[in-house]
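Let me begin by presenting the structure, written as structure tokens, before commenting on it.
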DNA sequence: CTCAGTTGTGTGACATTGTCACCGACAAAT
DNA sequence: ATTTGTCGGTGACAATGTCACACAACTGAG
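Residue numbers (the numbering used here), protein chains in the order written: chain C, 31 to 256; chain R, 31 to 256.
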């Protein structure tokens with residue numbers, strides 16, 4: 031049950047609610063509820079059955095896989111207005127959750143029971159569009175991950191990653207080598223070696239837990255070379 | 031425009047048509063058409079816009095990515111009753127096709143215009159369920175590919191691949207090393223080396239363009255070891 | 001402040017995988 | 001039989017993953 035004042039926040043996250051049929055809004059108010067989830071909490075683990083679906087109002091959730099050796103790789107993240115569409119995936123297909131979802135920054139989520147979710151997909155076009163769009167976006171982005179992992183060299187991927195998170199205006203980044211490794215699906219040692227190389231090439235400067243940008247254009251060049 | 035005798039074949043491929051509302055059937059007959067596509071034909075290339083969607087009546091289509099070095103990796107295949115859901119993906123999200131789809135075995139396809147497809151998703155629940163289910167299945171299977179590529183060793187992946195296609199009753203397989211490489215996203219040399227190793231371990235016997243099974247249990251052991 | 005424990009990074013050795021250059025064996029066509 | 005293209009084998013080297021370990025920077029308890 032959602033309090034009316036929270037409908038405003040929900041509408042910020044899900045803009046289509048502003049023009050949605052009154053019926054959907056009524057159902058939404060009745061079925062949805064808001065929960066706060068602290069950073070570090072696992073929302074779903076590999077193999078879980080899903081009986082609710084969450085749409086984020088704030089915070090960030092990271093969805094990733096873990097290999098047998100303990101290595102991780104990020105599949106994607108979602109934040110405000112997005113939902114763990116993999117959950118939708120399990121709900122609609124009665125499948126098990128094929129990855130791990132963990133809150134990265136404290137999150138508030140609108141939680142909707144699986145039964146209501148399924149029902150709305152059938153009854154309300156705006157809701158249906160929302161779900162299709164997310165599902166479709168994820169499929170494309172996960173396919174892009176396959177491409178990255180299968181074909182690109184690690185130095186290019188790391189350069190790419192850094193170039194996206196650093197800019198002349200935000201020239202320093204707090205992140206550990208281990209975190210970069212988990213992002214890209216490699217090991218910490220490999221990241222350390224490549225960062226050492228970037229440092230020798232005067233692309234970045236490194237400190238414990240931080241990376242500082244020296245040469246953004248140079249990073250982009252490394253990202254493109256292969 | 032579909033001839034009534036072809037509706038039977040379509041219903042074999044899409045069982046939900048048997049219980050679908052008359053309206054959907056009428057639309058289906060009006061909008062769908064059947065086309066034969068020979069093996070080797072590219073259905074979609076990376077970056078294509080999609081304005082039709084195809085559902086297979088027969089044959090096999092392989093969807094894959096190509097890296098800059100020319101290496102390939104198979105994302106998935108689809109055959110009778112399945113559709114190139116990535117097309118749905120582009121249609122619903124107005125995105126570009128993010129991979130290559132090529133007919134592997136001569137195919138016949140029911141072709142539906144994008145506009146009709148979109149319309150039916152909104153109007154007919156059986157159609158909607160069909161599309162959701164496929165999309166959702168693909169997402170899960172592409173995520174499994176990420177897991178494979180990121181974490182499993184190549185010898186285990188090749189052993190796995192062979193164990194699936196060989197059995198004591200079908201103990202020989204016509205396939206080239208290059209084809210295995212394109213399947214798994216590695217290079218021909220790597221496949222050759224690993225097959226040589228399997229041969230030395232008396233798991234298989236190899237000939238030009240063929241692989242013969244010697245020890246199925248042994249292959250499965252190699253597939254599990256990491 | 002000091003010390004011990006924790007976390008982040010560096011390093012060398014080695015195994016696995018990817019790339020390149022090249023060769024020879026085989027098959028189909030002429 | 002010769003030619004041509006496909007298929008597979010090989011050696012060298014580069015890139016990546018794994019393991020074992022060292023050590024420096026931070027943290028919190030006392």
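Even for Gly, the Cβ is constructed at its ideal location relative to N, Cα and C.
By the three-class DSSP mapping on this structure, what secondary structure does residue 208 (chain R) have?
Here residue 208 (chain R) sits in helix by DSSP.
Taking C-beta to C-beta, are residue 169 (chain R) and residue 90 (chain C) nearer than 8 Å?
no
Does the segment 182-200 of chain C come within contact of the segment 83-103 of chain C, defined as at least 3 CB pairs closer than 8 Å?
no
Provide the residue span of the alpha helix (DSSP H) that contains residue 178 (chain C), from first to last.
155-181
The segment 168-197 of chain C: positions lying closer than 8 Å to chain R by Cβ
Cβ contacts with chain R: 168, 169, 170, 172, 173, 174, 175, 176, 177, 179, 180, 181 and 182.
Would you call the segment 208-219 of chain R and the segment 91-111 of chain R in contact, with 3 or more CB pairs under 8 Å?
Counting Cβ pairs under 8 Å, three or more are found: they touch.
Look at residue 115 (chain R) and residue 165 (chain R) and say whether their C-beta atoms are less than 8 Å apart.
yes
Tell me, to the nearest whole angstrom, how far the beta carbon of residue 55 (chain C) is from that of residue 47 (chain C); I am working on the premise that it is less than 8 Å.
7 Å
Hey, would you say residue 240 (chain C) sits closer than 8 Å to residue 202 (chain C), going by beta carbons?
yes
Can you name the start and end residues of the alpha helix (DSSP H) that residue 136 (chain C) belongs to?
Counting along the chain, residue 136 (chain C) falls outside any alpha helix (DSSP H), though it belongs to the beta strand (DSSP E) covering 130-143.
Residues bridged to residue 203 (chain R) (per DSSP):
R:241
Taking 7 Å as the limit between beta carbons, can you name the residues of its chain near residue 61 (chain C), skipping five residues before and five after?
142, 143 and 146
In this structure, does DSSP put residue 100 (chain C) in helix, strand or coil?
coil
Residue 190 (chain C) to residue 131 (chain R), Cα distance in whole Å?
So the alpha carbons of these two residues sit roughly 28 Å apart.
Which value, in whole angstroms, describes the spacing of the CA atoms of residue 35 (chain C) and residue 140 (chain C)?
13 Å
On the DSSP letters alone, give me the boundaries of the alpha helix (DSSP H) that residue 58 (chain C) sits inside.
Counted as a single uninterrupted DSSP element, the alpha helix (DSSP H) harbouring residue 58 (chain C) occupies residues 52-61.
Residue nearest to residue 37 (chain C) in terms of C-alpha spacing, selected from C:122, C:96, C:100 and C:111:
C:111
With 16 other Cβ atoms within 10 Å as the buried cut-off, status of residue 49 (chain R)
Under this definition residue 49 (chain R) is an exposed residue.
So which residues of chain R does residue 257 (chain C) contact, with C-beta pairs closer than 9 Å?
Residue 257 (chain C) lies beyond the range of chain C shown here (31 to 256); nothing can be said about it.
DSSP three-state call for residue 46 (chain C): helix, strand or coil?
In this structure, DSSP gives residue 46 (chain C) a helical state, which the three-state scheme calls helix.
How is residue 196 (chain R) classed by DSSP in three states: helix, strand or coil?
coil
In this structure, what does DSSP give as the bridge partners for residue 85 (chain C)?
DSSP output for residue 85 (chain C) lists C:113 and C:140 as bridge partner(s).
Would you tell me roughly how many angstroms separate the C-alpha atoms of residue 207 (chain R) and residue 221 (chain R), rounded to the nearest one?
6 Å
In whole angstroms, give me the CA-to-CA distance for residue 194 (chain R) and residue 137 (chain R).
Approximately 23 Å, taken between the alpha carbons.
List, in chain order, every chain C residue whose beta-carbon is nearer than 8 Å to that of residue 129 (chain R).
Going along chain C in sequence order, the residues near residue 129 (chain R) (Cβ under 8 Å) are 173.
Rounded to whole angstroms, what is the Cα-Cα separation between residue 51 (chain C) and residue 155 (chain C)?
9 Å
So, helix, strand or coil for residue 257 (chain R), using DSSP?
Because residue 257 (chain R) is not part of the residues shown, which for chain R are 31 to 256, the question remains open.
Hey, does residue 163 (chain C) have any beta-carbon neighbour from chain R nearer than 8 Å?
yes
Less than 7 Å between C-beta atoms, sequence neighbours within five positions excluded: which residues of the same chain meet that for residue 77 (chain R)?
Around residue 77 (chain R): 126 and 127.
Taking Cβ positions only, does residue 95 (chain R) come closer than 8 Å to chain C?
With 8 Å as the cut-off, residue 95 (chain R) counts as an interface residue toward chain C.
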